[in-house]
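Colleague: Below are the structure tokens for one structure; questions will follow.
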Amino acid sequence: MKIVGVVACLAFLAGCGGQEEEANTPRKRAEAEISQVLRALEVNPDAPLLHFQLGQTYQKHGYVDSARTAFERCVELYESFAEAHLQLAQIYYEEGDLERSVRAYEQTVRFDAGNAAAYNNLGFVYKKLDRPEEAVKAYERAIAADSLFAQAYNNLGQLFKNREEHEQAIALFRRAIAIKPDFPEVYINLAGVYEGRDVDEETSVWQTFLAKFGEDQQYSVHARERLALLKTP
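Just so we're on the same page, my numbering is the position in the sequence shown counted from 1, plus 1430.
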């Protein structure tokens, strides 16, 4: 299905802007913005883009249930609307519906195969659902889509760390650090791989962490405690 009437819809919205009364409260502003899109939908009720805009407007003003309904209608009208699937995936996740979130992320990357962030999020939800092999593949796809995506390297490294595939985990964490040296969680994860296995390497990671992030970072106390323990004969 093709998106029809989009230009006309946008022109309609643009023309309505100056006709709204000036709103002086958040609720009035929300009502005005929502009403504007609803009026456009009266003219073009099957325009997917307008349903998407309605969902965005509802979401902006905190009406999550209505936003979900609007995004669902959008993908009913135009299945390959990747951004609408993405918005649904995030809403379902926040509602705790991980299965629907996964399906929506899968639809997102089906229609937007280059969306590294969506693959990364998909991997995260797979991991939450205890589907580690699928999570690995999703993170690998994120990296394939964006070779400089430090978060995906870190997330994939954690999966290998959990499987005690230490060399792979170390390589991934070090790659994440090379891409994004100011990423504190990666140093913590890397130090965790070395813990109980290589005192010198763990010491080096924690020393680098404190030198880079100082004494006030969330894990600085833990870093100092680990260094003190590692120095103990």
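Beta carbons are placed, not taken as given, at the ideal position from N, Cα and C, and that holds for glycine.
Considering only their Cβ atoms, is the gap separating Ala1580 from Ala1606 smaller than 8 angstroms?
Modeller: Result yes, Cβ atoms of Ala1606 and Ala1580 sit closer than 8 angstroms.
Colleague: Within 10 angstroms of the Cβ of Val1629, are there 16 or more other Cβ atoms? Answer buried if so, exposed if not.
Modeller: Per the 10 Å Cβ criterion, exposed.
Colleague: How far does the alpha helix (DSSP H) with His1481 in it reach, from first residue to last?
Modeller: Segment Pro1478 to Lys1490, the alpha helix (DSSP H) holding His1481.
Colleague: Does the Cβ-Cβ distance between Ala1519 and Ala1497 come in under 8 angstroms?
Modeller: Cβ distance not < 8 angstroms, so Ala1519 and Ala1497 don't count as in contact.
Colleague: Output needed for Ala1460: all residues of its chain with C-beta closer than 6 angstroms, excluding positions within five of it in sequence on either side, in chain order.
Modeller: Within the same chain, Ala1460 has close Cβ partners His1491.
Colleague: On a CA-only basis, which of Val1566, Arg1530, Pro1614 and Pro1611 is nearest Arg1593? Give me that one, please.
Modeller: The candidate whose alpha carbon is nearest that of Arg1593 is Val1566.
Colleague: Please classify Pro1475: is it buried, with 16 or more other beta-carbons within 10 angstroms of its beta-carbon, or exposed?
Modeller: Exposed, since its Cβ has fewer than 16 Cβ neighbours within 10 Å.
Colleague: Going by C-alpha distance, which of Asn1545, Phe1541 and Arg1530 is nearest Tyr1556?
Modeller: Closest by alpha carbon: Arg1530.
Colleague: Roughly how many whole angstroms lie between the Cα atoms of Leu1516 and Gln1648?
Modeller: Leu1516 and Gln1648: Cα-Cα distance of roughly 31 angstroms.
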